[in-house]
Amino acid sequence: MKKTKIIHLLTHLPHPVILKHKNPLDYFHSISRGDFQQIDYPPYWVGFFSEDHHVLAAQELISFTDEFEIECWRPYGYGIKHDYKKTVNGIVHRVFPGGTFTIPMVGNFTWSSSLYRALVEEIQSNNVILNVYVGHNWFPIILIQKLKKLKSRFGLIETHLSSGFKKFSYYKLDWWKRLFKWYYLIEHYLDVNSLKKCDHYYSGSFVEAKYLKVHHPDVSSSFFMAGIDFSKFKVLSKPEKIKLREELDLPTNKNILIAQGNWRSIDYGYQHLIECYKKVKQSGRADNLQLVMIGGYKTEDLYEVGLKAKAIMVERCPKSQFYKYLEAADFFTKASFGYIFINFGGFGFATIEALACGLPMISNNIIHYPGTDEERNGIGVEMPTKEKLIEAMISMNENYPNYTSCRELAKKYFNIENTRLELVSKYRELSAKYFKVN
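The opening residue of the sequence shown carries number 714 in the working numbering; numbering runs sequentially from there.
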């Protein structure tokens, strides 16, 4: 009997930083980052990236069961003229020509006609379940609208990665801006309507999941945060941390606060974290505190700002290296003040990974932790204002050793051994529904 094929679809282009690497080996300096194929026209190579969310999910699935065929697709853009395909670490990757353009008073669009045509062909030829990883953008809205005529022939799941419904952005605008951005409400309507065509929508935001249950019960949805493999992470003793810091060229006589995420001020907004760190250091109340910021690129606008504040700036690195930095640190932050980021950004994989290393957290996104208030208090604190962030940094610098249950409290809800069973059960359910596969 033909296997069901699970297609994991990421709906945005790769980060433009790849265009700065004329030699792909400069980017793929570790097999964990993926692989590439050289081509004879600009951009001269095509990348297949193993550390994107949809690929990591596919890798977890293939490590658990061989009952499905598994592929990872994405629009690629950057001038490629046709689709490319390569198997990397046991996962079939397919990338397609595409591009991003802007329509005034509507928004930014990413689209790939060749990806859409290939998807139609797959649905007509195979038993397909499509899992679309979304950030509430136009790509999945358009794609699902175009595929609705074939919906009886394939299973469809959407998985929330980031961002939120445009309705919430609209009502956060000043009244006069709403006069010009009324189209946000149209996008919101189309977004929700597209979710109604899904078999199920997994939201990583408690706020969003609750909103859908109350206001759109006709959307089959639930809160879901994929877990991690806790065996990959260790809680190190102080001597072990010191040894690892020597390897990573980090200070051994400081308490390290590590922040993960890009260094674009319009995204994570870490300029506020840097500002608060400077004030903490100027106060003299945390002379032994060192901020380490990891996950951005030198081309981003906060790189120099961080250096001037005496933060240690570590560019985005392979996952295995990132885990070492987590294990070497003392506590963790995703200190963003953006309304959309907080309410609809979810809990975050890096946050779970930090907790698995025993690091308590300072983050407003702690609201997405699914445990009790007592359990939530056992993993860290919120920082609703800059003043509260400064207080949290000073307090955590003194009290982080008291947070001794971070790993266990994270493992209780985010153990991959439990969370992947939910996804596999859904895939099996849809296989039986659409293809009579038991």
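By construction, the Cβ of each residue, glycine as well, lies at the ideal position given by its N, Cα and C atoms.
Does the separation of the CB atoms of residue 841 and residue 834 fall below 7 Å?
No, Cβ-Cβ distance for residue 841 and residue 834 is not below 7 Å.
Residue of 971, 749 and 1127 minimising C-alpha distance to residue 1009
It is 971.
Beta-ladder partner(s) of residue 1128, from DSSP:
DSSP lists 941 as partners of residue 1128.
Using the rule of at least 16 other Cβ atoms within 10 Å of the residue's Cβ for burial, across every protein chain shown, is residue 930 buried or exposed?
Counting Cβ neighbours within 10 Å, residue 930 comes out exposed, since fewer than 16 surround it.
Taking a contact to mean a Cβ-Cβ separation below 7 Å, would you say residue 716 touches residue 781 in this structure?
Going by C-beta atoms, residue 716 is nearer than 7 Å to residue 781.
Would residue 747 pass as a contact of residue 875 if the rule is Cβ separation under 7 Å?
Contact: no.
Can you find at least 3 beta carbon pairs, one from the segment 1130-1138 and one from the segment 1096-1112, that sit closer than 8 Å?
Touching, no.
In this structure, how does DSSP classify residue 966 when only helix, strand and coil are distinguished?
In the three-state DSSP reduction, residue 966 falls in the coil class, being neither helix nor strand.
Need the endpoints of the alpha helix (DSSP H) that residue 892 sits in, please.
Per DSSP, residue 892 belongs to no alpha helix (DSSP H) and is neither H nor E.
Within this structure, are the beta carbons of residue 915 and residue 872 separated by less than 7 Å?
A contact, by the Cβ cut-off of 7 Å.
Nearest by alpha-carbon distance to residue 879: which of 992, 1124, 819 and 750 is it?
The shortest Cα separation from residue 879 among 992, 1124, 819 and 750 belongs to 819.
To which residues of the same chain is residue 743 closer than 7 Å at the C-beta, ignoring the five residues directly before and after it?
For residue 743, where only same-chain residues beyond five positions count, the Cβ hits under 7 Å are 1031.
DSSP has residue 800 in a bridge; who is on the other side?
For residue 800, which the question treats as bridged, DSSP gives the partners 805.
In whole angstroms, what separates the C-alpha of residue 987 from that of residue 1018?
Here the alpha carbon of residue 987 sits roughly 8 Å from the alpha carbon of residue 1018.
Quick one: any contact between the segment 1078-1090 and the segment 903-922, if contact means 3 or more CB pairs under 8 Å?
Here the segment 1078-1090 makes contact with the segment 903-922; the two share three or more CB pairs at distances below 8 Å.
Taking all protein chains shown into account, decide if residue 821 is buried (16 or more other Cβ within 10 angstroms of its Cβ) or exposed.
Within a 10 Å sphere around the beta-carbon of residue 821 sit fewer than 16 other beta-carbons, which makes this residue exposed.
Among 952, 794, 799 and 853, which one has its Cα closest to the Cα of residue 827?
The alpha carbon of residue 827 has as its nearest neighbour, out of 952, 794, 799 and 853, the alpha carbon of 794.
Backbone CA spacing between residue 760 and residue 1000 [nearest angstrom]:
For the pair residue 760 and residue 1000, the Cα-to-Cα distance works out to about 43 Å.
Closest by CA to residue 1036, which one among 882, 944 and 978?
Sorting 882, 944 and 978 by C-alpha distance to the C-alpha of residue 1036 places 944 at the top.
Quick one: complete beta strand (DSSP E) runs, 3+ long, within the segment 1006-1060?
Runs of the beta strand (DSSP E) inside the segment 1006-1060: 1025-1028 and 1044-1047.
Between 897, 1034, 839 and 1021, which lies nearest to residue 849 when the distance is taken from Cα to Cα?
Residue 897 is the option with its Cα nearest to residue 849.
Determine the extent of the alpha helix (DSSP H) in which residue 777 is found, giving its start and end residues.
Under the DSSP assignment, residue 777 falls in the alpha helix (DSSP H) whose first and last residues are 766-777.
Assuming the contact rule is C-beta atoms closer than 8 Å, residue 745 and residue 1033 should be a hit. Round their C-beta distance to whole Å, please.
The pair is a contact, with the Cβ atoms about 6 Å apart (cut-off 8 Å).
Should the segment 1045-1052 be regarded as contacting the segment 1063-1077, the criterion being three or more beta carbon pairs within less than 8 Å?
The way I'd put it, the segment 1045-1052 does touch the segment 1063-1077; three or more beta-carbon pairs between them come closer than 8 Å.
CA-to-CA distance, residue 1117 to residue 1091, given in whole angstroms:
Their Cα atoms are separated by approximately 8 Å.
Look up residue 785 in the DSSP assignment and give the residues it is bridged to.
Beta-bridge pairing links residue 785 to 721 and 806.
Spell out whether any CB of chain D is found under 7 Å from the CB atom of residue 978.
The displayed structure is made up of one protein chain only, and chain D is not part of it.
Let's test the definition: count the other Cβ atoms within 10 Å of the Cβ of residue 1005 and tell me whether it reaches 16, buried, or not, exposed.
When all chains shown are included, residue 1005 counts as buried.
Is the CB-CB distance between residue 913 and residue 933 below 7 Å?
Their beta carbons are under 7 Å apart, which means residue 913 touches residue 933 by this criterion.
Thinking just about the alpha-carbon of each residue, which of 786, 1051, 1038 and 908 is nearest to the one in residue 979?
When only C-alpha atoms are compared, the closest one is 1051.
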